[in-house]
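Reading through the structure tokens given below for one structure.
Residue numbers (this note's numbering), protein chains in the order written: chain A, 1 to 367; chain B, 1001 to 1367.
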């Protein structure tokens, strides 16, 4: 085995261990799956039905152009289909975006503790990542800009709403960031959680804007994480460039059918968003009842400040896990004083509410 | 948009245009879909049912380790799960394999006219492809070896059974090729069509062999092209290396469930293989009845020698298309005297049988 020098230098670690791997290790299923920001409220029944129908037709490759889904997305967003790219989740799209723009040694800018899979792709293509710290629990546009200017970065990553902290910037703040970007820099605006925000609070779509590419997904509000469909919105020349590197048949027929049906079921989406709001409210009150501080969230999760250090929060996480609660802490100090809890059903939150005080007291005893 | 120099130098062409794109252009659906080597006999009903069940659970990400599917594949093949990698079709696996082994400027060897998507990936990572000609309608192991020695290639590609010509090598011929490979070269043995051959005729699996990686798929005999699941079998260190670059959550929950159920339904597979044999026999006799020469095939398609030049075969292809028959000609001269016809139902073959003589006479008139 003679790996390329670039690959030989990559670490063997993976960005996320799946809950199934942890369940296999523990020998028992989680009682509450609240760690991967999935939508426990499920996909639209219309999407489920569409996927079941498509399953019988699964002998056919999916349309490599994802024509119908792209057309529907274009109509939904009021853009042209040439501004829409469908891919294997945002993870897959981020990998291809980095591949298009980042040659070995090229600088890239993001926030320390932001989505690890983006960093994984940057490292994977030999990019040099400059990460700036969060500021008061938010990504810091000023610091991102400064780092972009200093390094000459061609790619700047910002998640809005933010994962893992849950916060958000308004349209004007994002517009100011875009306006101040150095020439030739592209902002990758990861809007995986955009469906949980008011459309009016998001940066308006401008498909002539060469300096922004938006990432959206069916994995969160649409409840289709297991179907792996994400999409990018951007200027047509950038979208077309993905054709040079992407796995053209990578998004299968079933996934395309499910996403299309999910997109059309606006009532289901509205219901999920309402369920998520209710669940966030209850998660926040559970946290407060235990003396913790829930952070404001425009996503489908609540990041909970455990009000001590990272070691304490890691112990809380472990104790929750031992009680069958899957949550994650994808944070870097000092944000690692938090744990991230995905919204769940009432039953899920009952499990969490019962486990949290025990986990906190055990974690405190061990401190 | 500031693409990397490597990407900026890539052509905008894609390896395959999907049949849906052609249908949209023509404004009518194909009457017989016989061009993409899909399995018109469909997936196992058990796989369809498993995917329908998984669809309702699609809010959960698929297991990034594909543990259950890998375990079942390992048991099926009598290897360890560490020798098995599940990925987004062979296309996706080929891309990652090239990324692991081929740095810009590195030589790679394959046959002229063999699977274009492999060449697409090699170009995409800056590899320099040396393609050797077919010899008497078969890939030429001696020429592949000579090219590998001359260039110092680290990666040699051979499809067995072969796409697009349909032929095959026996286990001994492949073993001889492996034994003669230069040190440090890896043979990528694309066995997408292996399910149509007797297991005994295939190179035995040897998971200690560092110089071979095998590619298999659920897209052909298992009829799951639209679910996008392929797998690689190889030495554990090479398999583990994919974790450094792959899209870990890329194979979704529905696809994993479908593949697992398909793998277990051996009776369905046997029935499909028998249906394919019958269809190949009829395709061959249709070809012969029209004065053409069907080539021997160990796949789910029949490559038909039209007995004239490439221009003639291209006209035949166009005339078939105009009559609603989707077939392809992924060949390079002189093999482009052939058209490739996937096996189909009796109804599909009726359409083909009716269209072929007209297409041939029109093509001859235009010549």
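Even glycine gets a Cβ: it sits at the ideal position worked out from N, Cα and C.
| Check | Outcome |
| --- | --- |
| Alpha carbon of residue 10 of chain A to alpha carbon of residue 1 of chain A, nearest angstrom | 15 angstroms |
| Cβ-Cβ distance between residue 1079 of chain B and residue 1207 of chain B below 7 angstroms | yes |
| Distance between beta carbons of residue 1049 of chain B and residue 48 of chain A, contact taken as under 8 angstroms | The pair is not a contact, with the Cβ atoms about 14 angstroms apart (cut-off 8 angstroms). |
| Rounded straight-line distance, which links the Cα of residue 1178 of chain B to that of residue 1172 of chain B | 10 angstroms |
| Same chain only: Cβ atoms within 6 angstroms of residue 1087 of chain B, ignoring 5 sequence neighbours per side | 1093, 1230 |
| Endpoints, the alpha helix (DSSP H) within which residue 1131 of chain B is located | First-last for residue 1131 of chain B: 1128-1132, but that is the beta strand (DSSP E), not the alpha helix (DSSP H). |
| As assigned by DSSP and simplified to three states, the class of residue 1270 of chain B | helix |
| For residue 274 of chain A and residue 340 of chain A, the rounded distance between their alpha carbons | 20 angstroms |
| 7 angstroms Cβ cutoff met for residue 351 of chain A and residue 31 of chain A | yes |
| Residue of A:13, A:90, A:158, A:66 minimising C-alpha distance to residue 226 of chain A | A:90 |
| Sub-7 angstroms separation of residue 133 of chain A and residue 149 of chain A beta-carbons | no |
| Complete beta strand (DSSP E) runs within the stretch 129-170 of chain A (minimum length 3 residues, chain order) | 155-159 |
| Inter-stretch contact (C-beta, 8 angstroms, three-pair minimum) for the stretch 1117-1129 of chain B and the stretch 269-284 of chain A | no |
| Residue 110 of chain A to residue 160 of chain A span [Cα, whole Å] | 12 angstroms |
| Member of A:359, A:210, A:98 whose CA lies at the smallest distance from the CA of residue 123 of chain A | A:98 |
| Rounded straight-line distance, which links the Cα of residue 8 of chain A to that of residue 126 of chain A | 11 angstroms |
| Cβ-Cβ separation, residue 258 of chain A to residue 1058 of chain B (assumed contact under 8 angstroms), whole Å | 7 angstroms |
| Neighbour flag for residue 1220 of chain B against chain A, beta carbons, 7 angstroms | no |
| Which residues DSSP lists as bridging residue 1217 of chain B, in chain order | B:1230 |
| Contact the stretch 179-189 of chain A vs the stretch 284-292 of chain A: 3+ CB pairs below 8 angstroms | no |
| Contacts around residue 169 of chain A, its chain only, beta-carbon distance under 6 angstroms, and the 5 residues preceding and following it disregarded | 160 |
| Where residue 1247 of chain B meets chain A, residues with beta-carbon distance less than 7 angstroms | 88, 91, 92, 95 |
| Stretch-stretch touch, CB-based, cutoff 8 angstroms, three pairs: the stretch 1333-1349 of chain B with the stretch 1305-1316 of chain B | yes |
| Residues that residue 1254 of chain B contacts on chain A, provided the C-beta gap is smaller than 7 angstroms | 51, 226, 227, 254 |
| Below-7 angstroms beta-carbon distance, residue 189 of chain A vs any chain B residue | no |
| Residue 1027 of chain B burial status per 10 Å Cβ neighbour count (16 or more: buried) | exposed |
| Residue 1265 of chain B: CB within 6 angstroms of a non-hydrogen atom of the ligand MG | The ligand MG is not part of this structure, which contains no ligands at all. |
| Members of the stretch 14-47 of chain A that neighbour chain B once the beta carbon cut-off is set at 9 angstroms | 14, 15, 16, 17, 18, 19, 20, 21, 24, 33, 36, 38, 39, 40, 41, 42, 43, 45, 47 |
| Where residue 27 of chain A sits in the DSSP three-state scheme | coil |
| Three-pair Cβ contact test at 8 angstroms for the stretch 318-326 of chain A versus the stretch 352-365 of chain A | yes |
| Cβ of residue 1146 of chain B within 7 angstroms of any chain A Cβ | no |
| Distance between residue 1202 of chain B and residue 1222 of chain B (C-alpha atoms, nearest Å) | 18 angstroms |
| Integer Cβ distance of residue 100 of chain A from residue 1004 of chain B, believed to fall under 8 angstroms | 7 angstroms |
| Cβ of residue 123 of chain A within 7 angstroms of any chain B Cβ | no |
| Helix, strand or coil at residue 186 of chain A [DSSP, three-state] | strand |
| Between the CA atoms of residue 1037 of chain B and residue 1301 of chain B - distance to the nearest angstrom | 6 angstroms |
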